[in-house]
Each structure stands twice: as C-alpha cells, then as structure tokens.
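Reading through the structure tokens given below for one structure.
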Amino acid sequence: MEVAVDLHAHSIFAGGTQSLGIKPETKLINRKKGILHLAKTNQTMPLKGVDLIGTGDCQFTMWTDILKEALIEDMKGVFFLQNNNQTRFILQTEMIFTAKIGEYSKETHVIFLFPNFPLIETFRVLLDQWGVKHHKMARPFITCQSSDQVAERIHAILDLDPWIEAIPAHIMTPQGVFGSGKGNIRINYLSDFFASATSRLHVFETGLSADPEFLALIPELDDRTLISNSDAHSSALHRMGREFTVLSVSKFDYQSIVLALRNNQVLYTVEFPPEEGRFFLTGHRAGRKRPGLHGDNDYCYFSPQHVPLDDICPICKKPLTIGVFQRCVEISNTQKGKRVLGEEKPPKKFIRMVPLIDILSHVLNIRTKTAKSLINQYRRITSYIGPERILWQLTSEEVEAKLHGQIETSIIEAILQVKAGNFTFHPYGFDGVYGTLIIGQKGNYKNVNVTRSSKPVQKTL
Ligand SMILES: [Zn+2]
Ligand SMILES: [Zn+2]
Numbered sequence: 002m003e004v005a006v007d008l009h010a011h012s013i014f015a016g017g018t019q020s021l022g023i024k025p026e027t028k029l030i031n032r033k034k035g036i037l038h039l040a041k042t043n044q045t046m047p048l049k050g051v052d053l054i055g056t057g058d059c060q061f062t063m064w065t066d067i068l069k070e071a072l073i074e075d076m077k078g079v080f081f082l083q084n085n086n087q088t089r090f091i092l093q094t095e096m097i098f099t100a101k102i103g104e105y106s107k108e109t110h111v112i113f114l115f116p117n118f119p120l121i122e123t124f125r126v127l128l129d130q131w132g133v134k135h136h137k138m139a140r141p142f143i144t145c146q147s148s149d150q151v152a153e154r155i156h157a158i159l160d161l162d163p164w165i166e167a168i169p170a171h172i173m174t175p176q177g178v179f180g181s182g183k184g185n186i187r188i189n190y191l192s193d194f195f196a197s198a199t200s201r202l203h204v205f206e207t208g209l210s211a212d213p214e215f216l217a218l219i220p221e222l223d224d225r226t227l228i229s230n231s232d233a234h235s236s237a238l239h240r241m242g243r244e245f246t247v248l249s250v251s252k253f254d255y256q257s258i259v260l261a262l263r264n265n266q267v268l269y270t271v272e273f274p275p276e277e278g279r280f281f282l283t284g285h286r287a288g289r290k291r292p293g294l295h296g297d298n299d300y301c302y303f304s305p306q307h308v309p310l311d312d313i314c315p316i317c318k319k320p321l322t323i324g325v326f327q328r329c330v331e332i333s334n335t336q337k338g339k340r341v342l343g344e345e346k347p348p349k350k351f352i353r354m355v356p357l358i359d360i361l362s363h364v365l366n367i368r369t370k371t372a373k374s375l376i377n378q379y380r381r382i383t384s385y386i387g388p389e390r391i392l393w394q395l396t397s398e399e400v401e402a403k404l405h406g407q408i409e410t411s412i413i414e415a416i417l418q419v420k421a422g423n424f425t426f427h428p429y430g431f432d433g434v435y436g437t438l439i440i441g442q443k444g445n446y447k448n449v450n451v452t453r454s455s456k457p458v459q460k461t462l
C-alpha cells in the first residue's frame, strides 16, 4: 500500500532553540494549546494528502505528557487522535548535534524516530548522562568535542533499540551536515561529521531548499534514501505538509514504515520549490542583525558562478551565508562528481508543489499567508480537486474542468500558468528569507548577481 508521510514537524514548544522559560502555572494553558495543535494538524494533513506526520519534540516532557494523553495507538507505533482519526502520528524529534571541526563548532540537525513511549524515557536517561538540557529545550543541543564523539553518541542512541531511526535533517542548509556553518567550515563527506556512525545512516532529508535534482549532483548520496518533510514549526496551512514522501509499505505500522525507508521504497517525494527555500542562494539579507552594517536597503544574493571571491559579502565584508545551490555544486566538485545540474537523472521520482497558498496570496494580493480569505479559497479549491498535491498530478485540462464555473477565473488562470512553468521567485530564497512567488514571468536562478547598498561597494567578481 501507499502512504504519504511527513516525518519532521515540531510541537507548540519548539519555537526556536531558545530556553522556553515555561512556568508551572501555564501547564494547563499549554495542555489546551497542545491538544488544539494536534486537532488542527489532524484536520490539515488530509487537505495536503498526507496520511501520517511526526509528532515533533517527542522527548520534551511537557509535550510527551500531552501526546500520551491525546494519542491512541492504532497499528504498532502509529497513533491517532482520540475521537478523530483522519491523520496518523509517529513519535519523532529533532536534536542538534554540535562538534568541533577545526577551530569552529559545526551544527547539524538530526531527526529521530521512536517506536514507542517507553523508549523515549530510556533516551532521556542517555541525554541526562550527557548533560543535555532536554527539560529546557524542545530541540536540545547534544554538544560533542569531535566527530568521533558524534558517532559515539549516535551509536549509543541507535543501540537502545534496533527500530530507532536517525535521519540527518535538511542536509544542505547551514544547520544541516553539508551546509556551511560558522566560519564557513565545509563538510564535504558524511564521515567528516558522522565518523563511524555514517554506516548506520540510511535516510537523508533533502530540506526545502533542495530536491532530488540538486542532490543528484552529489555522488555520496547515490544509493541513499532521500525523503522530504515539512519541518513545520506551526500548524498553519502553508507550513504543514509543504513537502512529504510517498512510501510503499506492506502494513501501516511503525516497523513497515522504517523498513520502507531503509530499503528505499520511496515511490516519489512531493517537493517545495527549491528556489523558494530560505537558503537557496548565497547572500546577506537586508537588515540582518549580525554582523550589522546591513540597513533596510542593503542586501546581496548570488548564483554559485557569481559568488564573490572567498565568499565575502561586498557590503559588510563578513562571510556570506552559503546557499544550498552553491554547496551542491561545491560538494559535487570535491567528490569528483563532474556532474551538471539538470543533466543528471534524479535517483527518484518527485513532483514539485508550488504552495497553493502562495498562488492565492499572489493573485489576491494578500501578503499574510494565514489570512482567512486565503484559507477559505484554499478550502474551496481543495473541495473540488481533492488534496493539494492532486493539483500537480492532474493535467491542466483536468484541473480546468474541475474548477471551471466554481472558482474565479483569475485564480484558475494563475494555477494553470504555474502548471505550465510560467513563474519564478523574486527574489529567490537566500540567507533565511523565503523566495517570493511571481506568476507570469520566467527566471534563471543560475545567473543571479545582485548587490544593493546605500553605500558604495566594491564591485563583485
Ligand atoms: Zn532543523
Ligand atoms: Zn553582509
């Protein structure tokens, strides 16, 4: 059978990586918010066409307690919400590993899947032994001195149970293993960070700013399972299920899902447009607080071939935030891939799903993506089409036939333009900012060289 899974999400406690400062008297309020979040998730996922989603932050005690109370086990290791069983849940979290590589500390996010609640308790004991502040942070840091220590700790977690799965998250972003981190250090081979644990990693998350076409540039990923997840930090419609993976499984239970991942039984992934992802191009955004010197009109972004020498920002003279596109090209060259984007056959099938909410936001000229009017339109369209992903699986004629006479012509036209590939992003995503969708124009992300500054800048190379 086919199941669509989104194996990376977060709870109401994730926020960022800051200490949460939760007071005991807010426990009841949090419980209410948590249950509401699960209920909203349960309703939203069918609109996207997703059957199962990760709980996020499953080791964070306040969240674990809410999950235990709200969820009922359906098939082994797969849960649903009491009184409402549209969407299945799986116990999942994301941890932040840091390791000293040279003189800098490299951060790498890793997703973990757990088959049952008791194992989460055992996992917490390990975290306590390592001094991890898992009571204070929903997405805690596991601080390591070296890549060997990262490996030691991943081995220790995986040794707790053969069914725990570790999945490096958004591998090309600055917070992923291959992304460039502080001091622009580069990890060019998986073993540079994961050392001896590399052999126990079967599955890798592409992240929003990359897809199988970009990752086909990297030889080391050729035989690995590549999956896509939303990494949603809220239950908003434009965040949840914006990427997911369709697996072929024998049963809809935890072990079958993990086996399908390990054996690469990915039928296809549904991909967010990489160019819209927050770390697609290399650059520095306007108004960035660190390192300063970027006023509201001072920004720059570049395709790999136009990145200034030594990756230095022409405005503030500090290292640029290296984009996913640049990292894919660099790693491809280091691993002697001699591969050219678009000329490699992606290892797996995938479809690109330009977010319907973004299309509506563009046509109706409503910037706030959580606006009621946008959500109402979204619901109307999906009531005629079915889940959002169907829009990208039907032909243009089929979409037109289903929506004609029911939905405003301007909206149908915009959807058809996007389906025909007549769209771009301006700007593309860079330095933590999402790209902005423009319909009716084409762009070329391979040839971008933009520097805007209120002060004179040195000419870029
Ligand atoms: Zn992450
Ligand atoms: Zn700068």
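Numbering (our numbering), first residue to last: 2 to 462. Using N, Cα and C, we set each Cβ at its ideal position, and we do this for glycine too. All values reported here derive from a predicted model rather than from experimental measurement.
Nearest C-alpha to Ile-188 among Ile-323, Ala-15 and Ala-5: Ile-323. Taking C-alpha positions only, Pro-315 is separated from Leu-128 by approximately 43 angstroms. DSSP places Gln-256 in no beta strand (DSSP E) but in the uninterrupted alpha helix (DSSP H) bounded by 255-263. For ligand 2, no non-hydrogen atom lies closer than 8 angstroms to the CB of Ile-408.
Residues Met-173, Phe-179, Gly-180 and Ser-181 of the same chain have their beta carbon placed closer than 7 angstroms to that of Arg-328, with the five preceding and five following residues left out of the count. Distances from the CA of Ser-257 to each of Leu-8, Gly-78, Phe-424 and His-136 were compared; the closest alpha carbon is that of Gly-78. According to DSSP, residue pairing for Gln-93 in a beta bridge involves Leu-114. Using a C-beta cut-off of 8 angstroms, the stretch 372-384 makes no contact with the stretch 241-248, since fewer than three inter-stretch Cβ pairs fall below that distance. For Ser-304, the closest alpha carbon among the candidates Gln-176, Gly-430 and His-9 is that of Gly-430. Here Tyr-385 has Lys-403, Leu-404, Gln-407 and Ile-408 as same chain residues with Cβ atoms under 8 angstroms from its own Cβ, once five neighbours each way along the sequence are excluded.
Residue environment for Gln-176: buried (at least 16 other C-beta atoms within 10 angstroms of its C-beta).
The beta carbon of Ser-411 lies closer than 6 angstroms to those of Val-364 in the same chain, with the five residues before and after it left out. Residue burial is scored here from C-beta neighbours: Leu-392 has at least 16 other C-beta atoms within 10 angstroms and is therefore classed as buried. Taking each of Leu-417, Asp-359 and Gln-394 in turn and checking the Cα distance to His-427, the smallest one comes out for Asp-359. 9 angstroms or more divides the Cβ of Thr-283 from the Cβ of Leu-248. Phe-351 is positioned such that its CB atom lies closer than 9 angstroms to that of Tyr-269.
Residue pairing of Ser-106 in beta bridges, as defined by DSSP: Lys-101.
Cβ-Cβ distances below 6 angstroms link His-307 to Asn-450 in the same chain, with the five nearest sequence neighbours on each side left out; the list follows chain order.
Residue pairing from DSSP places Ala-5 in a beta bridge opposite Val-247. Distance from the C-beta of Arg-453 to the nearest heavy atom of ligand 2 is not below 8 angstroms.
The stretch 386-429 is shown to contain whole beta strand (DSSP E) runs of 3 or more residues at 424-426, in chain order. Only residues of its own chain outside the window of five on either side were considered, and among them Asn-43 and Pro-47 have a CB closer than 6 angstroms to the CB of Gln-87, listed in chain order. The DSSP-derived three-state label of Tyr-379 is helix. Beta-bridge pairing by DSSP links Pro-169 to Val-111. Relative to ligand 2, the beta carbon of Lys-319 is positioned inside 8 angstroms of a heavy atom. Leu-227 is a Cβ neighbour of Thr-207, given a cutoff of 9 angstroms. Judged by beta-carbon spacing, Gly-55 lies within the 9 angstroms limit of Gln-93, meaning their Cβ atoms are closer than that value. Between Leu-262 and the set Ser-229, Glu-414 and Arg-289, the nearest pair of CA atoms involves Ser-229. CA-to-CA, the gap between Leu-357 and Val-419 works out to about 10 angstroms. Lys-49 is classed as buried because its beta carbon has at least 16 other beta carbons within 10 Å across all chains shown.
Around the beta carbon of Glu-3, a 10 Å sphere encloses fewer than 16 other beta carbons of the protein chains shown; the residue is thus reported as exposed. The three-state secondary structure of Gln-146, taken from DSSP, is coil. In chain order, Thr-226 place their CB closer than 6 angstroms to the CB of Asn-265, counting only its own chain and leaving out the 5 sequence neighbours on each side.
Only buried fits Arg-240, as 16 or more other CB atoms lie within 10 angstroms of its CB. Relative to ligand 1, Asp-232 has its C-beta within less than 8 angstroms of a heavy atom. A distance of 9 angstroms or more separates the beta carbons of Leu-8 and Phe-253.
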